[in-house]
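Going by the numbering used here, the letters in the sequence shown line up with residues 5 to 194, in that order.
Below is one structure, written out as structure tokens; the observations come after it.
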Amino acid sequence: MTQTAYHGEYTVRPATPADVDGARRVMLDTFYKEFGYGYVPQWHRDTVDLQGTYLDDPRHLLLVAVHGDEVVATTGVRSGGPAHPPHPRRLAERYDKDTTAQLVRVYVRPEHRRRGLARTLVEAACDFITDTPGYERVYLHTNVDIEGAELFWRSLAKEIFDARATGEHGPGVATVHFEIPMKSLSASSA
């Protein structure tokens with residue numbers, strides 16, 4: 005996605021360097037206020053260098069939704085699948101780092117939810133993935149304890165592994181791993 009889209013009173017677009025601080029605030033607020041465990045370096049190191057991780061790599065993307073002058077939602081795309089640890093080795097081995105696009109940081113501030121922003125951001129991210137040569141799979145994982153997360157992802161993706169029983173991230177983190185079939189992405193962009 006290289007264009008700006010308008011979603012009601014929101015602007016959805018690729019992040020610019022001017023958006024980095026606002027996007028980081030959305031992410032950190034999510035880690036601390038929504039997830040309740042805060043910044044964890046081995047899970048969240050990309051948030052320290054959003055510019056280098058997403059803006060400077062042509063195969064990566066950071067999308068933002070802006071309301072007025074405020075970044076209120078984010079979605080990222082980066083190469084690679086889940087890391088082991090903390091995720092099961094068999095999942096990490098399933099996803100080649102060069103051919104897998106991972107959706108990450110799909111966060112919407114609570115007061116801006118239920119307006120279709122997450123779906124709009126994910127669709128734009130999937131358009132980018134489809135248009136980026138070399139990607140063959142779309143992987144993501146989510147904490148389904150966050151209200152609405154499980155239902156949202158089940159409407160778009162196929163469950164690969166439900167890790168709730170394994171406790172891979174410890175208490176209070178109910179992780180489910182998903183994949184969005186590339187076939188459905190190609191069909192939706194046609």
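Even for Gly, the Cβ is constructed at its ideal location relative to N, Cα and C.
- Nearest to T15 by C-alpha distance, out of E151, V68 and R49, is V68.
- Rounded to whole angstroms, the Cβ separation of T179 and H145 is 5 Å, and the two are in contact under 8 Å.
- Beta-bridge analysis with DSSP links S83 to A105.
- Segment contact: the region 25 to 35 against the region 84 to 93, fewer than three CB-CB distances shorter than 8 Å; contact not assigned.
- If you draw a straight line from the Cα of H181 to the Cα of G85, it comes to about 10 Å.
- Judged by their CB atoms, T79 and E140 are not nearer to each other than the 8 Å cut-off.
- F156 places its beta carbon 8 Å or farther from that of V81.
- If you check the CB distance, A77 and A122 come in under 8 Å.
- Note on A87: under 16 other CB atoms within 10 angstroms of its CB, so exposed under the neighbour-count rule.
- A check of alpha carbon separations from Q55 across D25, F35, H71 and V70 identifies D25 as the nearest.
- Annotation: the continuous alpha helix (DSSP H) that includes I133 extends over L121 to D135.
- Per DSSP, the unbroken beta strand (DSSP E) holding L144 starts and ends at R141 to N147.
- Residue range L65 to H71 is occupied by the beta strand (DSSP E) that includes L66, with no alpha helix (DSSP H) assigned at that position.
- Sequence-distant partners of E13 (beyond 5 residues in either direction) whose C-beta falls short of 7 Å from its own C-beta, in its chain, are H71.
- Shown here, D50 sits in a helix according to DSSP, grouped into three states.
- When only Cα atoms are considered, G152 and P21 end up about 30 Å apart.
- The continuous alpha helix (DSSP H) containing D33 extends over residues V24 to D33.
- Apart from the 5 residues on each side of it in sequence, V110 sits with its Cβ closer than 7 Å to the Cβ of T79, A122, L125 and V126 in its chain, given in chain order.
- Residue burial is scored here from C-beta neighbours: V75 has at least 16 other C-beta atoms within 10 angstroms and is therefore classed as buried.
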